[in-house]
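First the structure, in the form of structure tokens, and then the observations on it.
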Amino acid sequence: MNNILRRLIMIFFDICIVIFSLYFSFILRFDGKVPEQHIEQFKDTYIFVIIITVICFFALNLYGRIWKYASINELISIVLATAFSSLAVLGYTFMIQNTYPRSIYLLYWLLLTACAGGFRFIIRAFKDVTT
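Quick note: the sequence shown, position 43, residue 46 per this note's numbering, numbers continuous.
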């Protein structure tokens, strides 16, 4: 598979992970009963959250790495990229005066880190098994 197609597939999965992480943060925070106001808030901001997260992932070269050799350095990059993304989301929602409940930012960061890291290390495990 060529590099461009591989990157596009990773970006697609990252977009799915971002949407899942943000939405599931609301589900966890409100114990499954998300108020309508916060559903609207999610709808108003999720596109920006996707864009800023993909930019952060590009900035920390998460799409340029060879994941079959993933190690602690890649894990550090994932943690940094997801932290920058979460802080950017906090800044954006503060600027537009549409902030989430405070716990959402932490839950989002934890879920995003776990899912993005898990996805990449599953790629590594799959490569190890198939070679």
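Ideal Cβ positions, reconstructed from N, Cα and C, are used throughout, including at glycine.
Problem set entry | Host alpha helix (DSSP H) of SER74 (start-end) | On the sequence shown, residue 74 is found 71 positions in, with the first residue counted as 1. Here SER74 belongs to no alpha helix (DSSP H), and DSSP marks it neither H nor E.
For this session: Identify the continuous alpha helix (DSSP H) that holds GLN100 and give its terminal residues.
Result: Taking the first residue of the sequence shown as position 1, residue 100 is located at position 97. Segment: none, GLN100 is in no alpha helix (DSSP H) and carries neither H nor E.
Problem set entry | Three-state class that DSSP yields for ASN6 in the structure shown | In the sequence shown, counting from the first residue as 1, residue 6 sits at position 3. It is helical.
Exercise. For LEU8, is the classification buried or exposed, using 16 other Cβ atoms within 10 angstroms of its Cβ as the cut-off for buried?
Worked result: In the sequence shown, the residue the question calls residue 8 occupies position 5. The residue in question, LEU8, is exposed, as its Cβ has fewer than 16 Cβ neighbours within 10 Å.
Exercise. Which same chain residues, not among the five before or five after ILE55, have their C-beta less than 8 Å away from its C-beta?
Worked result: Within the sequence shown, residue 55 is the residue found at index 52, counting from 1. Around ILE55: SER88, ALA91, VAL92, TYR95.
Problem set entry | Start and end residues, alpha helix (DSSP H) containing VAL52 | Position 49 of the sequence shown holds residue 52. Segment 39–62, the alpha helix (DSSP H) holding VAL52.
For this session: Determine the direct distance from the alpha carbon of THR102 to that of ILE14, and round the result to whole angstroms.
Result: Reading the sequence shown from its first residue, position 11 is the one you call residue 14. Reading the sequence shown from its first residue, position 99 is the one you call residue 102. Rounded to the nearest angstrom, the two C-alpha atoms are 26 Å apart.
Problem set entry | Endpoints, alpha helix (DSSP H) assigned at TYR108 | The residue you call residue 108 lines up with position 105 of the sequence shown. First-last of the alpha helix (DSSP H) with TYR108: 105–133.
Problem set entry | Assumed close pair ILE22, TYR49 - CB separation to whole angstroms, cut-off 8 Å | Within the sequence shown, residue 22 is the residue found at index 19, counting from 1. Within the sequence shown, residue 49 is the residue found at index 46, counting from 1. At roughly 6 Å, the Cβ-Cβ gap stays under 8 Å, so ILE22 and TYR49 are in contact.
Exercise. Any idea what DSSP makes of ASP34, helix, strand or coil?
Worked result: Translated into positions along the sequence shown, residue 34 becomes position 31. In this structure, ASP34 counts as coil in the three-state DSSP scheme.
For this session: Please work out which residues of its chain come closer than 8 Å, Cβ to Cβ, to PRO104, disregarding the five sequence neighbours upstream and downstream, and give them in chain order.
Result: On the sequence shown, position 101 is the one that residue 104 refers to. So the list reads ARG32, HIS41, once near-sequence residues are dropped.
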